[in-house]
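Written below as structure tokens is the structure these notes are about.
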Amino acid sequence: MSHSNPPSPRRFAASGPLTGRVAVPGDKSISHRSIMLGALAVGETRVTGLLEGEDVFATAAAMRAMGATIERGANGVWSIHGVGVGSLLQPDRALDMGNSGTSTRLLMGLVASHPIRAVFTGDASLSKRPMGRVIEPLSQMGASFEASEGGRLPLLLRGISPAVPITYRLPVASAQVKSAVLLAGLNTAGITTVIEPVPTRDHSERMLRGFGANLEVGEDKGARVIRIHGEADLIPQTITVPGDPSSAAFFAAAALLVPGSDLVIENVGLNPTRAALFDVLRQMGGSIEELDRREVGGEPVADLRVRHSALTGVEVDPAVVPAMVDEFPVLFVAAALAQGTTTTSGLEELRVKESDRITAMAEALSLAGARVEELEDGLVIHGTGGDPLPGTPESASVVTHLDHRIAMSMAVAGLASERGVQVDDTGPIATSFPTFEALLTRAMHGEHA
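The sequence shown runs 1 to 449 under the UniProt record's numbering.
Structural data, given as structure tokens:
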């Protein structure tokens with residue numbers, strides 16, 4: 001779980017256009033929530049298309065440790081037998097979250113309103129990430145915490161039941177903080193309210209409703225107001241997880257950048273709180289066409305046909321940041337090959353992800369020959385005008401800082417470079433997209449993947 005394996009370096013280099021069809025793994029956000037809510041519903045929840053990556057396995061292991069039965073069937077369908085809201089068991093060991101910030105923050109919310117104690121641990125990267133933003137509202141609800149310096153892991157959480165319903169206004173745009181408070185509200189008598197000045201991904205609201213929770217979404221003075229009524233009884237569901245737009249992003253960018261590419265990415269979730277990257281790439285001149293738009297489990301889905309395009313630099317509106325916060329590393333790569341300059345701002349949140357993604361991408365792209373200026377809250381990237389990047393020198397590797405998105409973004413940069421890009425470690429890619437390298441190889445050979 002904690003990336004103690006020796007590094008797996010790899011040089012990613014151009015080897016022809018991306019063609020055919022690929023299906024990316026299931027959405028990570030929806031996969032996490034399917035397991036958590038299934039584990040709180042009495043009866044069997046069945047999940048098809050679950051993302052089988054280390055982050056989601058960390059969530060499954062934690063829910064098993066608290067009493068749920070979670071099994072993968074031979075046909076790839078996952079079966080979850082839940083214990084019921086309010087009935088989580090005391091885990092007999094620390095909950096190892098690996099590299100998953102989503103698992104950590106959402107599970108802290110779940111545990112906070114149950115009368116149990118849990119120790120949360122994680123790998124070196126996760127242990128640097130701030131948990132204070134979740135600790136604050138959960139403390140207001142009555143939970144107590146003993147955290148490492150700076151509100152970081154490892155930490156001990158003592159839940160409380162009954163917890164106190166609160167009204168909490170999010171100080172930062174964070175779906176994880178919002179979700180943590182709503183999940184704590186499931187087992188809290190009364191109405192727990194979250195006020196969201198800037199909309200963030202709404203999978204928690206959609207899925208809580210789908211599982212039968214009494215949840216209302218309104219508006220007050222331009223802010224979203226979400227109210228959840230506890231104590232809830234959740235109803236088991238049958239869920240089909242759409243393809244993860246954050247994973248599709250790497251293939252979309254690669255197809256836009258590599259000459260001759262014409263690629264269909266199947267079953268991509270296009271929740272409007274998640275899919276802004278595709279809008280920005282279209283704004284830059286990218287050919288991204290939606291085929292067979294449909295709804296699956298309350299989420300909009302389509303197949304995306306992406307063709308090689310001449311991109312033009314843009315000034316990215318900071319208002320779209322919450323709807324594509326994880327996709328900026330690969331957008332930076334696309335911008336590095338565009339005509340003209342791309343300016344991004346309002347990206348302070350990227351400095352507290354799995355790595356400091358602003359500095360990490362500035363250094364990585366510079367090493368590969370891009371012209372990049374680092375600002376406090378973003379990057380200014382001067383594109384090549386469509387010419388390939390030079391690539392990394394033979395003796396140098398891009399430093400990924402155990403960050404899966406840095407590794408995959410720079411892999412895409414390698415496909416659009418003259419001499420390739422050497423990535424210091426592809427191991428972290430397994431946290432979110434274990435089949436990434438195999439799918440990339442198939443797409444470059446035009447196979448149906």
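Positions of the beta carbon are idealized from the N, C-alpha and C atoms, including for glycine. Every value quoted in this text rests on a predicted model; they were computed, and no experiment measured them.
Whole-angstrom distance between residue j and residue i, CA atom to CA atom
i    : j    : result
S246 : S144 : 34 Å
L186 : A180 : 10 Å
A147 : P7   : 30 Å
P434 : A184 : 31 Å
S309 : G286 : 5 Å
E231 : T192 : 10 Å
I228 : I381 : 43 Å
A254 : R117 : 45 Å
P390 : L337 : 11 Å
T69  : G420 : 45 Å
H3   : K28  : Legend: pLDDT at H3 = 47, less than 50; position of this residue unreliable, value from coordinates given subsequently. So the alpha carbons of these two residues sit roughly 19 Å apart.
F332 : V42  : 45 Å
A443 : A249 : 14 Å
I135 : G385 : 46 Å
V164 : S345 : 38 Å
P197 : T359 : 28 Å
G16  : S409 : 18 Å
G190 : A62  : 27 Å
G446 : A58  : 34 Å
M1   : E54  : Unreliable placement is indicated for M1, whose pLDDT of 41 sits below 50; the coordinate value is still reported in the next sentence. Roughly 7 Å separates the two Cα atoms.
P130 : G150 : 7 Å
L257 : L281 : 11 Å
A449 : P115 : Interpretation of A449 is limited by its pLDDT of 47, a score under 50 that renders its predicted location unreliable; the figure taken from the coordinates is listed afterwards. Cα to Cα, the separation comes out at about 46 Å.
T188 : P162 : 6 Å
I195 : A213 : 18 Å
R11  : D220 : 51 Å
L40  : M207 : 13 Å
A124 : V352 : 13 Å
G73  : E374 : 48 Å
Under 8 Å between C-beta atoms of residue i and residue j
i           : j    : result
S417        : P393 : no
G428        : A396 : Contrary to the premise, residue 428 reads as Pro rather than Gly in this sequence. For P428 and A396, no; Cβs fall outside 8 Å.
M108        : P91  : no
L347        : G383 : no
L153        : T121 : yes
L311        : A334 : yes
P137        : D424 : no
M36         : L126 : no
R405        : T238 : no
F251        : V22  : yes
V306        : I288 : yes
V111        : L157 : yes
residue 452 : G260 : No answer is possible for residue 452: it lies beyond the span of the chain, which begins at 1 and ends at 449.
D226        : L170 : According to the sequence displayed, residue 226 carries Ile and not Asp. No. Outside cutoff.
V398        : A364 : yes
L51         : D244 : yes
D202        : T273 : yes
L402        : E349 : no
V172        : R224 : no
G101        : G38  : no
A94         : V77  : no
Top-ranked residue by Cα proximity to residue i, from the options
i    : options                : result
L291 : I160, L304, D55        : L304
P322 : T167, L281, P199       : P199
P300 : N271, V280, V316, F328 : N271
E376 : R293, T343, L402       : T343
S113 : S366, T240, I166, S79  : I166
G98  : F436, T431, L439, S31  : T431
K178 : E205, T188, P162       : E205
I160 : V172, S139, P318       : S139
E327 : F278, S100, N267, V268 : F278
V85  : G369, A319, A302, I235 : I235
T426 : T441, T400, M324, R293 : T400
Q176 : G369, H32, P25         : H32
S366 : G73, Q339, Q422        : Q422
D356 : R371, Q339, A370, V325 : V325
G49  : R64, D317, V24         : V24
Q339 : A319, D317, A370, V320 : A370
Rounded Cβ spacing between residue i and residue j (contact assumed at less than 8 Å)
i    : j    : result
V314 : M284 : 5 Å
G210 : G298 : 6 Å
I80  : V241 : The Cβ separation is near 13 Å, so there is no contact.
V330 : V268 : The Cβ separation is near 14 Å, so there is no contact.
Whole runs of the alpha helix (DSSP H) within the region 237 to 288, excluding any shorter than 4 residues: Along the length of the region 237 to 288, whole alpha helix (DSSP H) runs at least 4 residues long occupy 245 to 257, 276 to 283, reported in chain order.
Alpha helix (DSSP H) runs contained entirely in the region 50 to 105, provided each spans 4 or more residues: Taking only runs of at least 4 residues, the alpha helix (DSSP H) segments lying wholly in the region 50 to 105 are 54 to 65.
For a minimum of 3 consecutive residues, which ranges assigned as the beta strand (DSSP E) are wholly contained in the region 393 to 426? Here the runs fully enclosed are 421 to 423.
So within the region 312 to 338, which uninterrupted alpha helix (DSSP H) runs reach at least 4 residues, ignoring any that extend past its ends? Counting only runs of 4 or more, we get 328 to 336.
Beta strand (DSSP E) runs contained entirely in the region 108 to 163, provided each spans 3 or more residues: Taking only runs of at least 3 residues, the beta strand (DSSP E) segments lying wholly in the region 108 to 163 are 117 to 121, 144 to 148, 152 to 158.
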